[in-house]
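Just so you know, the sequence shown maps onto residues 1 to 888 in UniProt numbering. For each residue, glycine too, the CB sits at the ideal point set by N, CA and C. Note that the coordinates shown come from a computational prediction; the quantities given were computed from them, not determined experimentally. So the structure is just underneath, and the comments pick up after that.
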Amino acid sequence: MRASHSDRLGGGVSRPLHRSASSRRCRARSPALPRACPSMAATRLMHELEDIDSTEDLMHVLTSTPLATLCEAAALKRDEAHGGVVTFSPKVFLPLTRLCRDSCAYCTFAAPPRPGARCYMTPEEVVGLARAGAAVGCTEALFTLGDRPEARYPEAVCELAELGHASTLSYVTAAAGEVLRATPLLPHVNAGVVAGPALSALRAVSASQGLMLEGTAPALAAPGGPHHDCPDKDPTARLRCIEEAGERGVPFTTGLLLGIGEGRADTVDALRALRALHRRHGHVQELILQPFVPKPGTGMARTPPPDRAYTLWAVAAARLMFEPGMSVQSPPNLAAGGEGEWEALLRAGVNDWGGVSPLTRDWVNPEKAWPHLASLARATAAEGKLLLPRLPVYPSHSTLDQRGRWLDGRRGAGSPLAAVLRASDASGLSRGSSWWPGRDAKDREESMEGVEAGRTDVDDAAPSVQHSNRATHAHVPSPTTRSAAWRVSLCRDGALEAMPRPERASNALTELAVALASGQYAPAEAEVRLLLGARGTDFEAVCAAADNVRRRLHGDEVTYVVNRNINYTNLCAYACGFCAFSKGPSDARGSPYLLTKAEVGRRVAEAWARGASEVCMQGGIHHDFDGNTYLGLLEAAKSAAPNIHVHAFSPLEVWHGASTLDMSLPRYLSALKSAGLGSLPGTAAEVLDAPVRAAICPDKLSTEEWLEVAAAAHDAGLPTTSTIMFGSVEGPESWARHLLRLRSLAARSRLVTEFVPLPFVHMEAPLYRRGQARRGPTLHECTLLHAVSRLVFADGCIPSIQASWVKMGPSEAAGLLRAGCNDMGGVLMNESISRAAGASHGQELGPQAMDDLIRTAGRVPRQRTTLYGVPPRSQVEKAYAATPLMAV
Numbered sequence: 001m002r003a004s005h006s007d008r009l010g011g012g013v014s015r016p017l018h019r020s021a022s023s024r025r026c027r028a029r030s031p032a033l034p035r036a037c038p039s040m041a042a043t044r045l046m047h048e049l050e051d052i053d054s055t056e057d058l059m060h061v062l063t064s065t066p067l068a069t070l071c072e073a074a075a076l077k078r079d080e081a082h083g084g085v086v087t088f089s090p091k092v093f094l095p096l097t098r099l100c101r102d103s104c105a106y107c108t109f110a111a112p113p114r115p116g117a118r119c120y121m122t123p124e125e126v127v128g129l130a131r132a133g134a135a136v137g138c139t140e141a142l143f144t145l146g147d148r149p150e151a152r153y154p155e156a157v158c159e160l161a162e163l164g165h166a167s168t169l170s171y172v173t174a175a176a177g178e179v180l181r182a183t184p185l186l187p188h189v190n191a192g193v194v195a196g197p198a199l200s201a202l203r204a205v206s207a208s209q210g211l212m213l214e215g216t217a218p219a220l221a222a223p224g225g226p227h228h229d230c231p232d233k234d235p236t237a238r239l240r241c242i243e244e245a246g247e248r249g250v251p252f253t254t255g256l257l258l259g260i261g262e263g264r265a266d267t268v269d270a271l272r273a274l275r276a277l278h279r280r281h282g283h284v285q286e287l288i289l290q291p292f293v294p295k296p297g298t299g300m301a302r303t304p305p306p307d308r309a310y311t312l313w314a315v316a317a318a319r320l321m322f323e324p325g326m327s328v329q330s331p332p333n334l335a336a337g338g339e340g341e342w343e344a345l346l347r348a349g350v351n352d353w354g355g356v357s358p359l360t361r362d363w364v365n366p367e368k369a370w371p372h373l374a375s376l377a378r379a380t381a382a383e384g385k386l387l388l389p390r391l392p393v394y395p396s397h398s399t400l401d402q403r404g405r406w407l408d409g410r411r412g413a414g415s416p417l418a419a420v421l422r423a424s425d426a427s428g429l430s431r432g433s434s435w436w437p438g439r440d441a442k443d444r445e446e447s448m449e450g451v452e453a454g455r456t457d458v459d460d461a462a463p464s465v466q467h468s469n470r471a472t473h474a475h476v477p478s479p480t481t482r483s484a485a486w487r488v489s490l491c492r493d494g495a496l497e498a499m500p501r502p503e504r505a506s507n508a509l510t511e512l513a514v515a516l517a518s519g520q521y522a523p524a525e526a527e528v529r530l531l532l533g534a535r536g537t538d539f540e541a542v543c544a545a546a547d548n549v550r551r552r553l554h555g556d557e558v559t560y561v562v563n564r565n566i567n568y569t570n571l572c573a574y575a576c577g578f579c580a581f582s583k584g585p586s587d588a589r590g591s592p593y594l595l596t597k598a599e600v601g602r603r604v605a606e607a608w609a610r611g612a613s614e615v616c617m618q619g620g621i622h623h624d625f626d627g628n629t630y631l632g633l634l635e636a637a638k639s640a641a642p643n644i645h646v647h648a649f650s651p652l653e654v655w656h657g658a659s660t661l662d663m664s665l666p667r668y669l670s671a672l673k674s675a676g677l678g679s680l681p682g683t684a685a686e687v688l689d690a691p692v693r694a695a696i697c698p699d700k701l702s703t704e705e706w707l708e709v710a711a712a713a714h715d716a717g718l719p720t721t722s723t724i725m726f727g728s729v730e731g732p733e734s735w736a737r738h739l740l741r742l743r744s745l746a747a748r749s750r751l752v753t754e755f756v757p758l759p760f761v762h763m764e765a766p767l768y769r770r771g772q773a774r775r776g777p778t779l780h781e782c783t784l785l786h787a788v789s790r791l792v793f794a795d796g797c798i799p800s801i802q803a804s805w806v807k808m809g810p811s812e813a814a815g816l817l818r819a820g821c822n823d824m825g826g827v828l829m830n831e832s833i834s835r836a837a838g839a840s841h842g843q844e845l846g847p848q849a850m851d852d853l854i855r856t857a858g859r860v861p862r863q864r865t866t867l868y869g870v871p872p873r874s875q876v877e878k879a880y881a882a883t884p885l886m887a888v
């Protein structure tokens, strides 16, 4: 028997910034009151057990300490790493076969062959069920099966041969590969006791694997014990399998089955064994503490389940014996007391509910229905926690610095790594939404096929196999004949759609937001990171504080500039993995080109004639360019329209120009300014964090070099903007570092005019097409980063926060005006960089359309210059009366 092993997350549809009335009605009616200060005994106990190695010493502490104190300490330790979030995994349960060579005394999952019924699910059944799960927001395909049934049943050997396989392990590997190939679900495989090579084969087609240790007590395998005559339940073999998983870099789920004949010392001994393996390899991502449930017709039908106190004690012991970041889970459908018992489990240190399915039953405990998601969310909210969907692989094993160790990426866009990145948000949890940057609303449905799913080899048909006429009945009843019990989707606020959540924002976050909004407080990195993790009511508090700062600094005025983008070449010597403009497929970026100076001048003159006050010029680093090239471009622009403001050349281009002429930065910037340069775009910053730059633009300017150019520009009297290109590979901790580095830069000179968050547009980006990037940031992340940046810069060091309608789309960009933004950027007579990446937007949003868009958000539009002055009246009039652009 395999206990309810591991499980995870979802997808869905984004919602407006302010939650609907139905969502508000679903808030928890009994918000958790502020907790009393923790007792000294609990505080002292939090980390004490991590350093105790002997079972005897552990038992002394765990049995001499009152259960209430153990639970209090465990909850404190849980909160240290997991904060206010409790997770679950939306899954489909795929019992690939119920045949098993073992006969555990408590198990009803294992069943012998039945005449006329197949022994295994077919590939069509597996893929069909996975697709049905994906349609309701599931992200995990949980494969559970008996151990080596072909060693016991000739029927299994025969049917495996018909399926083209010699073993059950071979077939489950192929089935997991089909799910990975043909659906967006992530396989999690519980294949029993598996040797090293098979673990590696499964690693190539799954996000994670699992094996319950169950227990190590010798009595369990003795005559009359639940594991007697069950070779695969030998704890030595199971511990060796778990260790080999660590040696082979497999994110792993394991745990104990409580109440099957072990004592408390046995439980501690088993936890010690798992802790030792995890300390050697770091692969155990969650511990399941699963209470035994007696079942009619089994050898343990009359054995009582473990009592409540023992279950809570075991949960608390597991939490206290492992590091704070370990995930501790107890299945909610097996808790005898329903919602009240769930709250008790949370108070004992649980931070995860495991796999819960809206579509399929728990085949290990079929008499125990999964709870409705609303009930689980309500009980979680009653303890002041927010319920969120996750993936089978935990964030601890999928971060930028860890994913290469734990996730197989060898097959590029068809690999488990690519599938995890497609499904995850910046925190490593489920995206939970079909929105991504750069797409119109009509294009936002997730594709499960082809390039948009990151796979290029998918066809619509499920795999076909030959079946014998001997077995005609399906292995499992189809769940697709009934509606799903619930669906998984996340709102713009990052919380589950129409599900209960805590009613009040956390005190720490609220106090921090208020302090920052005053403009008198300098945040630390950890504090910015706290804000960037806000969801639900915390998210609302951050956005409200940001909007108050916007109102204090700018009132209800929203500005924009009439401008033209001129991207003078798409040829570039650099190897930025996110850049489709230079490195993307030719059908998206077009043929390589280099504009002549005459054409640059023509476009500048046309822009001035159409009412532009600014021309923004940037391009790739062409192999023939040197510092004189940029000076020549300025001459062409200013000759064509002497009064136009030239906003041009990223810090990378300035660095390139200075170095090719062997000039210092101050001297070269002075030359650019004398030639007519008015300001610099703060682009090419991407993310100012070394590990991120190493992953996405390894040969570009370093963080320090970018900041050096920007500071030199300010010293030369040249204002700059600032940007972040976010949502490709990095997490919120990198965003926090980026914001604080910009804050320091801006405080030095007060010459950074605006901050522009630029969401990564993934569709044609080489990094994404290779399976090495996410689908850009979520709508929640986009909104939150704009709001948090407003708070970080609330002292006015960077006065304007701009919404990129090109990346976000006009309607979503207008929504950002309620989250601290006061500027909509430029009308952009031409834009080619985002379009090359696959964005639907970018081909001019004229002044009248911009005015209308701003007014729909309840704001007052105003045209501005690059430096936020008032443009000449003649230019404003020309902008409203502009004729169409000449084709380029």
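Q.
Output needed for P759: all residues of its chain with C-beta closer than 6 Å, excluding positions within five of it in sequence on either side, in chain order.
A. Position 759 of the sequence shown holds residue 759. Only P437, G727, G776, P777, C782 and K807 meet the Cβ criterion.
| field | Chain-order list of residues whose beta-carbon lies under 6 Å from that of L734 (same chain, five-residue window excluded) | value | As a first step, residue 734 is located in the sequence shown; it is residue number 734 there, counting from the start. As written in the sequence, residue 734 is Ser, which differs from the Leu given in the question. If we look at S734 and ignore the five residues flanking it on each side, its Cβ neighbours are V687, D689 and V692.
> Y560 lies in the alpha helix (DSSP H); which residues open and close that run?
Replying inline: Position 560 of the sequence shown, counting from 1, holds the residue named residue 560. First-last for Y560: E557 to V561, but that is the beta strand (DSSP E), not the alpha helix (DSSP H).
Point to revise | Euclidean distance between Cα positions of V458 and G146 | key: Within the sequence shown, residue 458 is the residue found at index 458, counting from 1. Within the sequence shown, residue 146 is the residue found at index 146, counting from 1. Residue placement at V458 is poorly supported in this model, since its pLDDT is 32, which falls under 50; the coordinates are not used for a value here.
Drop a sphere of 10 angstroms on the beta-carbon of H60, count the other beta-carbons inside from all chains shown, and report buried for 16 or more, exposed for fewer. Mapped onto the sequence shown, residue 60 falls at position 60. H60 comes out exposed.
- Query: Should G809 be labelled buried (16 or more other beta-carbon atoms within 10 Å of its own) or exposed?
  - Reply: As a working note, residue 809 is residue 809 in the sequence shown. It counts as buried.
Endpoints, the alpha helix (DSSP H) within which Q848 is located: Numbered from its first residue, the sequence shown carries residue 848 at position 848. Start and end: P847 to T856.
For this session: For the segment 716-773, list the alpha helix (DSSP H) runs that are entirely contained and at least 4 residues long, ordered along the chain.
Result: 732-749 and 766-769
message: Buried or exposed for R275, going by 16 or more other Cβ atoms inside 10 Å?
response: Translated into positions along the sequence shown, residue 275 becomes position 275. Under this definition R275 is a buried residue.
Inset, instruction - Could you pull the start and end residues of the alpha helix (DSSP H) that F539 belongs to? - result: As a first step, residue 539 is located in the sequence shown; it is residue number 539 there, counting from the start. Per DSSP, F539 belongs to the alpha helix (DSSP H) from T537 to H554.
- Does the Cβ of Y106 have 16 or more other Cβ atoms within 10 Å, making it buried, or fewer, making it exposed? Within the sequence shown, residue 106 is the residue found at index 106, counting from 1. Label assigned to Y106: buried.
Helix, strand or coil, according to DSSP, for D408 in the structure here? The count along the sequence shown starts at 1 and reaches residue 408 at position 408. D408 falls in the coil class under three-state DSSP.
Quiz prompt | Nearest to A379 (by Cα), restricted to the options L359, L199, N351 and S200 | solution = Position 379 of the sequence shown holds residue 379. The option with the nearest alpha carbon to A379 is N351.
Margin query: By alpha-carbon positions, which one of A317, D307 and R319 ends up nearest to E341?
Written below: Stepping through the sequence shown from its first residue, residue 341 is reached at position 341. If we check each option's Cα against that of E341, D307 comes out closest.
Extent of the continuous alpha helix (DSSP H) to which P123 belongs | Locating residue 123 in the sequence shown gives position 123, where the first residue counts as 1. P123 to A135 is the span of the alpha helix (DSSP H), which, as asked, contains P123.
- Message: Let me make sure I understand the geometry here. Which of D232, G620, G261 and T721 has the alpha-carbon closest to that of L867?
- Response: Taking the sequence shown and counting its residues from 1, the one referred to as residue 867 is at position 867. Residue T721 is the option with its Cα nearest to L867.
Problem - Neighbourhood of D266 by C-beta, 7 Å cutoff - its chain only, sequence neighbours within 5 removed - result: Locating residue 266 in the sequence shown gives position 266, where the first residue counts as 1. The answer, listed in chain order, is G215, T216 and A217.
(message) Between E339, L742 and H227, which has its C-alpha nearest A219's C-alpha?
(response) The count along the sequence shown starts at 1 and reaches residue 219 at position 219. Of the candidates E339, L742 and H227, the one whose C-alpha sits nearest the C-alpha of A219 is H227.
*Would you decide whether residue 950 is buried or exposed? Buried here means 16 or more other CB atoms lie within 10 Å of its CB.*
The requested residue 950 is not part of the displayed model; the chain covers only 1 to 888.
Compare the C-alpha of A336 against each of P305, D362, P366 and P324 and name the closest.
-> For the purposes of this step, residue 336 is taken as the residue at position 336 of the sequence shown. Of the listed residues, the one whose Cα sits closest to A336 is P305.
Could you check whether L816 and R492 sit closer than 7 Å to each other, using their CB atoms as the reference points?
The residue given as residue 492 occupies position 492 in the sequence shown. The residue given as residue 816 occupies position 816 in the sequence shown. It is not a contact, given that the beta carbons lie outside the stated cut-off.
TODO: Provide the residue(s) that pair with N567 in DSSP beta bridges, ordered along the chain.
DONE: As a working mapping, residue 567 is identified with position 567 in the sequence shown. Answer is Q618.
Grab the span of the alpha helix (DSSP H) containing N507 for me, first residue to last. Taking the sequence shown and counting its residues from 1, one reaches residue 507 at position 507. It spans N507 to A517 - the alpha helix (DSSP H) in which N507 sits, taken as one unbroken run.
Have a look at Q329 and L287 and give me their C-alpha separation to the nearest angstrom.
Position 329 of the sequence shown, counted from the first residue, corresponds to residue 329. Position 287 of the sequence shown, counted from the first residue, corresponds to residue 287. Between Q329 and L287, the C-alpha separation is close to 6 Å.
Looking at C-alpha atoms only, which residue of N563, F322 and P500 is the closest neighbour of G536? Position 536 of the sequence shown, counting from 1, holds the residue named residue 536. Per the Cα distances, P500.
Count Cβ pairs between the segment 745-753 and the segment 424-438 that sit closer than 8 Å; are there 3 or more? no
Practice prompt. Please classify Y880: is it buried, with 16 or more other beta-carbons within 10 angstroms of its beta-carbon, or exposed?
Written response: For this step, residue 880 is matched to residue 880 along the sequence shown. Exposed, by the Cβ-count rule.
(message) Quick check on this structure: which residue in E367, S613, S415 and G619 has the alpha carbon closest to the alpha carbon of T596?
(response) As a working note, residue 596 is residue 596 in the sequence shown. T596 has its Cα closest to that of G619, out of E367, S613, S415 and G619.
Which runs of the alpha helix (DSSP H), 4 residues or longer, sit entirely within the segment 350-435? 373-382, 403-406 and 416-423
Limits of the unbroken beta strand (DSSP E) element including P291:
By one-based count along the sequence shown, residue 291 stands at place 291. V284 to P291 is the extent of the beta strand (DSSP E) around P291.
For R864, three-class secondary structure by DSSP: As a position in the sequence shown, residue 864 is number 864, starting the count at 1. DSSP places R864 in strand when its eight states are reduced to three.
Tell me the rounded alpha-carbon separation between K91 and R431. Taking the first residue of the sequence shown as 1, we reach residue 91 at position 91. Taking the first residue of the sequence shown as 1, we reach residue 431 at position 431. Distance between the alpha carbons of K91 and R431: 15 Å.
- Query: Using a Cβ-Cβ cut-off of 8 Å (strictly less than) and excluding sequence neighbours within five positions of A746, which residues of its own chain qualify?
  - Reply: Counted from its first residue, the sequence shown places residue 746 at position 746. So the qualifying residues of the chain are S722, V752, F793, C797 and I798.
### Task
Report the rounded CA-to-CA distance for A21 versus S375, giving the unit in angstroms.
Against the sequence shown, residue 21 aligns to sequence position 21. Against the sequence shown, residue 375 aligns to sequence position 375. Reliability of the predicted coordinates at A21 is poor, the pLDDT of 32 falling under 50, and no value is obtained from them.
Do A712 and L669 have their CB atoms nearer than 7 Å? Looking up residue 712 in the sequence shown gives position 712. Looking up residue 669 in the sequence shown gives position 669. Yes, these two residues count as a Cβ contact at 7 Å.
Q. Hey, out of E155, P197, R774 and A182, whose CA is closest to S170's CA?
A. Locating residue 170 in the sequence shown gives position 170, counting from the first residue. For S170, the nearest C-alpha among the options comes from P197.
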